[in-house]
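Position 35 of the sequence shown, counting from 1, maps to 34 under numbering that gives the first Met the number 0, and the rest follow consecutively.
Glycine included, every Cβ here is placed at the ideal spot set by N, Cα and C.
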Amino acid sequence: MWGRIYATAAFAQVERGDPEAAARSIRAAAAAAARYGDCPSCSALLNPVAAEAYAMLGDGASGRSYAAAAGGVASMFASSAWKAMAESAAASVAAAEGDTTGACAGFESAATLYGRAGQPYWQGRSSAQAAAA
Numbered sequence: 000m001w002g003r004i005y006a007t008a009a010f011a012q013v014e015r016g017d018p019e020a021a022a023r024s025i026r027a028a029a030a031a032a033a034r035y036g037d038c039p040s041c042s043a044l045l046n047p048v049a050a051e052a053y054a055m056l057g058d059g060a061s062g063r064s065y066a067a068a069a070g071g072v073a074s075m076f077a078s079s080a081w082k083a084m085a086e087s088a089a090a091s092v093a094a095a096e097g098d099t100t101g102a103c104a105g106f107e108s109a110a111t112l113y114g115r116a117g118q119p120y121w122q123g124r125s126s127a128q129a130a131a132a
């Protein structure tokens, strides 16, 4: 449950354009997971949001770490939505590293997967990120 709570807070902070505050929520999630334990599916949203926040901060190493974690969670389940989360996490890192082609392709893939999963909000968000990349 901790991953979901902190992921929601971090996402709100990313949406407000405050990646520093998002990073604080992400670090708080890591502390809660260390203390109480972690559940990969409960942290599914935390990984792509963390990758995006750290990419916004220019911290490629942390962004790549969370993108890899998103990919790991996606590989555990047959879910288009979780695969989309992994794609968007990798795309955020690509964008931060100046790989506009990779970022655009990743966000477009995420949008397609979110559409397949019936997630119109996330599909639209990923489409907008692809256009911005």
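In the DSSP assignment, Ala69 falls within the unbroken alpha helix (DSSP H) covering Gly59 to Met75. Contact between the segment 29-37 and the segment 60-74 is absent: fewer than three C-beta pairs spanning the two stretches fall below 8 angstroms.
Annotated three-state conformation of Arg3 is helix, per DSSP. Spatial neighbours of Ala102 in its own chain (CB-CB distance under 7 angstroms, excluding positions within 5 residues in sequence) are listed in chain order as Ala90, Ala93, Ala94 and Ala132. The beta carbon of Ser87 lies closer than 6 angstroms to those of Pro47, Ala109 and Ser125 in the same chain, with the five residues before and after it left out. Distance from the CA atom of Leu112 to the CA atom of Ala127, rounded to whole angstroms, is 15 angstroms. Between Ala50 and Gly62 the beta-carbon gap is near 5 angstroms, inside 8 angstroms, which marks them as a contact. Exposure of Tyr120 is indicated by the presence of fewer than 16 other C-beta atoms within 10 angstroms of its C-beta.
Put simply, of Gly16, Pro18, Ala27 and Arg15 the residue whose alpha carbon is nearest the alpha carbon of Ile4 is Ala27. By alpha-carbon distance to Met0, the top candidate from Ala104, Gly114 and Ala43 is Ala43.
A Cβ-Cβ distance of about 16 angstroms is found for the pair Glu96 and Ala129, leaving them out of contact under the 8 angstroms criterion.
Taken through DSSP and simplified to helix, strand or coil, Leu112 comes out as helix.
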